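Chemist:
Numbering (the UniProt record's numbering), first residue to last: 1 to 585.
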């Protein structure tokens, strides 16, 4: 057993323990069903003997009727209990996996592409959720088979021996099938995940695809994993077909042999006529273990799915601190901070002091480390070495709830969560008055846009016809509303036109005066408004000072050359380490 399957089996065991109550109900219903099933063939044989000998009694017939009714009720109860157990296990796995994804740091958030992650959170959790109930079903089937075999020996030892003669062959066939299918299903799931990933990517860029007229090319790209998916699926079907025909051949042979021995006993007078029917019933029960091939197949699928769910649960998370954040002006400190991803150093030994109440701009070329610095500022990720402190307290030690209240973010590509537009602006903030929401929207120069929407601030965010710049302004309004001691803007004005940027920059520089602001800047106008500019180059601090002071350096001026040449509206955000962190936004 490899390490992956060990982790998957531990996850299945944890799921069974966590859902013990509905699982116990499933086991109780299964036990009742076993008891009724084992009693039924004997009752049928007794009733038949009573009819043939003319000694029939109402009690024998009543017993048979009660057992038939009990069998139907036990099957219904078993089905309901099984569905409840599966639903509970699936719900628990999904909640745990989603919680892990939401608590992972910015580095872990990009481990899985969106489509692959959805496949694991939806499909693989459901497949894994079936395993505990399936295990109960398998154990119940084995107990039922054992009870049937014991009953056969009770009827006549010769009948029992005849039954056991065919068991080893069936076990060999089943063992080989399950071992082969486990690996094949893992291949199938991986191909399915790649297909889901490509489809999600294409749907996210559907406008670009249509504008470029590359629909056929994208369809071909999305469907490229299909041959691999098909090959794995056909391999599964072939393996199942090979096993099914063998088992289909074995079962009738065992039944024929057992019934022949029982029939000989009836002919010789050793057994009553009703024993032949009882033997047929107990032979069917004894062969239930062979019918467990489908549940065993489900177990194999579930174990492979559990490995994939465990990979999500193994994503790195930021350890929660418990220290309260004392009142402070918002001084942000970086002390010996180093961050690497793979073999790439994003920040290398950074020592910085972001003054309280000031607006600090961070500039630099592609790959300079700007986005990494922004993520560290509010502990969306942790440094590999060094410390980040807010008002003298290491962020690792701060209670996460207090930290989220102390640091506000605005990103280049904000996501509008919260339902309607007002909810999107106030998302993550304590209850605020509508007037505060509108004031924040005005500061972000988006109030007039919102008022033109069909329902104004009550317009569902998903239905609002907004441009990229307007969405970005809503993200800025969300940050302005928080009035946090530290506000971090990670290229949050890149999609704004010159006039709108000027209005927003004025609100940022004047309207938030006295609050600490850390701004990732790509335009000289933004840097010029800052009280302090930090110039990053290849993960190190190359310079610090005012924009006017740094402007004397030709290399510094070259950072903004493309913006000055193309104009602010054409400015495109630089794709440096931001690509590493895209999913964190």
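The C-beta atom is built at its ideal place from N, Cα and C for all residues, glycine as well. Keep in mind that this is a model prediction, so the values were computed, not measured.
Taking the alpha carbon of residue 217 as the reference point, which residue from 357, 198, 32 and 235 has its own alpha carbon closest?
Modeler: As a position in the chain shown, residue 217 is number 217, starting the count at 1. Of the listed residues, the one whose Cα sits closest to residue 217 is 198.
Chemist: Enumerate in chain order the residues of its own chain whose CB-to-CB distance from residue 496 is below 6 angstroms, with the five nearest sequence positions on each side excluded.
Modeler: Mapped onto the chain shown, residue 496 falls at position 496. For residue 496, where only same-chain residues beyond five positions count, the Cβ hits under 6 angstroms are 469.
Chemist: Taking DSSP as the reference, what is the three-state secondary structure of residue 353?
Modeler: The residue you call residue 353 lines up with position 353 of the chain shown. When DSSP states are grouped into helix, strand and coil, residue 353 belongs to the strand group.
Chemist: Could you check whether residue 339 and residue 372 sit closer than 8 angstroms to each other, using their CB atoms as the reference points?
Modeler: Mapped onto the chain shown, residue 372 falls at position 372. Mapped onto the chain shown, residue 339 falls at position 339. Yes, they are a contact pair.
Chemist: Would you give the residue range spanned by the alpha helix (DSSP H) that residue 157 belongs to?
Modeler: Locating residue 157 in the chain shown gives position 157, counting from the first residue. Per DSSP, residue 157 belongs to the alpha helix (DSSP H) from 157-164.
Chemist: Which one or two residues does DSSP pair with residue 387 in a beta bridge?
Modeler: The count along the chain shown starts at 1 and reaches residue 387 at position 387. Note: residue 387 sits in a beta bridge opposite 335.
Chemist: Give the straight-line distance between the Cα atoms of residue 565 and residue 211, rounded to the nearest whole angstrom.
Modeler: Walking along the chain shown from the start, residue 565 turns up at place 565. Walking along the chain shown from the start, residue 211 turns up at place 211. The pLDDT assigned to residue 565 is 41, lower than 50, so where the model puts this residue is not dependable, and the model offers no usable value.
Chemist: Identify which residue in 63, 312, 27 and 91 has its Cα closest to the Cα of residue 108.
Modeler: Taking the chain shown and counting its residues from 1, one reaches residue 108 at position 108. Nearest of 63, 312, 27 and 91 to residue 108, Cα basis: 312.
Chemist: Check the C-beta distance from residue 261 over to residue 162 and give it rounded, since I have them as a contact under 8 angstroms.
Modeler: By one-based count along the chain shown, residue 261 stands at place 261. By one-based count along the chain shown, residue 162 stands at place 162. Yes, they are in contact, since the Cβ atoms of residue 261 and residue 162 sit about 4 angstroms apart, within 8 angstroms.
Chemist: Among 234, 93, 282 and 205, which has the Cα closest to the Cα of residue 35?
Modeler: Position 35 of the chain shown, counted from the first residue, corresponds to residue 35. Among 234, 93, 282 and 205, the Cα nearest to that of residue 35 belongs to 282.
Chemist: Excluding the 5 residues flanking residue 400 on each side, which residues of the same chain have their C-beta closer than 6 angstroms to its C-beta?
Modeler: Position 400 of the chain shown, counted from the first residue, corresponds to residue 400. Closer than 6 angstroms at Cβ, skipping near neighbours: 320.
Chemist: Which of the three DSSP states, helix, strand or coil, is assigned to residue 105?
Modeler: Position 105 of the chain shown, counting from 1, holds the residue named residue 105. Coil, per DSSP.
Chemist: DSSP on residue 460, reduced to helix/strand/coil?
Modeler: The sequence position of residue 460 within the chain shown is 460, counting from 1. Note: residue 460 maps to strand in three-state DSSP.
Chemist: Pair every Cβ in the segment 330-350 with every Cβ in the segment 496-508, then say whether three or more of these pairs are closer than 8 angstroms.
Modeler: no
Chemist: Identify the residues that DSSP records as bridge partners of residue 308: which are they?
Modeler: Here residue 308 refers to the residue found at position 308 when the chain shown is read from its first residue. Answer is none; residue 308 lacks a bridge partner.
Chemist: Tell me whether residue 543 sits in a helix, a strand or coil according to DSSP, three-state version.
Modeler: Counting from one through the chain shown, the residue named residue 543 turns up at place 543. Residue 543 falls in the strand class under three-state DSSP.
Chemist: Hey, could you find the ends of the beta strand (DSSP E) residue 364 is sitting in?
Modeler: Within the chain shown, numbered from 1, the residue matching residue 364 stands at position 364. From DSSP, the beta strand (DSSP E) with residue 364 extends over 359-364.
Chemist: Within its chain, find whatever has a CB closer than 6 angstroms to the CB of residue 531; leave out the 5 residues flanking it on each side and keep chain order.
Modeler: Residue mapping note: residue 531 aligns to position 531 of the chain shown, counting from 1. 358 and 359, listed in sequence order.
Chemist: Let me know the beta strand (DSSP E) ranges lying completely inside the segment 454-530, each 3 residues or longer, listed in chain order.
Modeler: 486-490 and 516-520
Chemist: Look at the Cβ atom of residue 257, then the Cβ atom of residue 165, and state whether they are nearer than 8 angstroms.
Modeler: Within the chain shown, the letter at position 257 stands for residue 257. Within the chain shown, the letter at position 165 stands for residue 165. It is a contact, given that the beta carbons lie within the stated cut-off.
Chemist: List the residues that DSSP assigns as beta-bridge partners of residue 266.
Modeler: For the purposes of this step, residue 266 is taken as the residue at position 266 of the chain shown. BP columns for residue 266 are empty, so no partner.
Chemist: With contact counted as at least three CB pairs below 8 angstroms, one residue from each stretch, are the segment 122-132 and the segment 219-235 in contact?
Modeler: no
Chemist: Can you list, in chain order, the stretches of the alpha helix (DSSP H) that have 4 or more residues and sit fully within the segment 17-56?
Modeler: Under the rule that a run must span 4 or more residues, the alpha helix (DSSP H) segments found entirely inside the segment 17-56 read 20-53.
Chemist: Consult DSSP for residue 208 and reduce its assignment to one of helix, strand or coil.
Modeler: Sequence index remark: in the chain shown, residue 208 carries index 208 (1-based). Helix, per DSSP.
Chemist: Could you give the C-beta distance for residue 533 and residue 518, rounded to a whole number, given that I count them as a contact under 8 angstroms?
Modeler: Here residue 533 corresponds to residue number 533 of the chain shown, with the count starting at 1. Here residue 518 corresponds to residue number 518 of the chain shown, with the count starting at 1. The C-beta distance from residue 533 to residue 518 rounds to 12 angstroms, too long to meet the 8 angstroms contact threshold.
Chemist: State buried or exposed for residue 568, treating a residue as buried only when at least 16 other CB atoms are found within 10 Å of its CB.
Modeler: Indexing the chain shown from 1 puts residue 568 at position 568. In this prediction, residue 568 has a pLDDT of 36, which is less than 50 and means its spatial position is unreliable; what the coordinates show is noted afterwards. Burial call: buried.
Chemist: Pick helix, strand or coil for residue 399, following the three-state DSSP scheme.
Modeler: As a position in the chain shown, residue 399 is number 399, starting the count at 1. Looking at residue 399 - three-state DSSP - the assignment turns out to be coil, as it is neither helix nor strand.
Chemist: Would you check if there are 3 or more beta carbon pairs closer than 8 angstroms linking the segment 66-78 to the segment 88-102?
Modeler: no
Chemist: In the DSSP assignment, what residue or residues form a beta bridge with residue 345?
Modeler: Counting from 1 along the chain shown, the entry for residue 345 is found at position 345. 340.
Chemist: Looking at the unbroken beta strand (DSSP E) that takes in residue 407, where does it start and where does it end?
Modeler: Working through the chain shown from its first residue, we reach residue 407 at position 407. 407-411 is the extent of the beta strand (DSSP E) around residue 407.
Chemist: Return helix, strand or coil for residue 379, following the three-state DSSP convention.
Modeler: As a position in the chain shown, residue 379 is number 379, starting the count at 1. Residue 379: coil per DSSP, three-state reduction.
Chemist: Under 8 angstroms, with one C-beta from each stretch per pair, do the segment 317-335 and the segment 390-405 reach the 3-pair mark?
Modeler: yes
Chemist: Taking only the alpha-carbon atoms, compute the straight-line gap between residue 116 and residue 316 and give it to the nearest angstrom.
Modeler: Start at 1 with the first residue of the chain shown, and residue 116 comes out as number 116. Start at 1 with the first residue of the chain shown, and residue 316 comes out as number 316. Rounded to whole angstroms, residue 116 to residue 316 spans 18 angstroms at the Cα level.
Chemist: Quick check on residue 583: does DSSP put it in helix, strand or coil?
Modeler: Here residue 583 is taken as the residue at index 583 of the chain shown, counted from 1. Confidence at residue 583 is low in this model, with a pLDDT of 38, below 50, so its placement is unreliable and the value that follows should be read with caution. It is helical.
Chemist: Assuming residue 443 and residue 511 form a contact by the criterion Cβ under 8 angstroms, report the distance between their Cβ atoms to the nearest whole angstrom.
Modeler: Counted from its first residue, the chain shown places residue 443 at position 443. Counted from its first residue, the chain shown places residue 511 at position 511. Confirmed, about 5 angstroms.
Chemist: Would residue 397 pass as a contact of residue 323 if the rule is Cβ separation under 8 angstroms?
Modeler: Residue mapping note: residue 397 aligns to position 397 of the chain shown, counting from 1. Residue mapping note: residue 323 aligns to position 323 of the chain shown, counting from 1. Yes.
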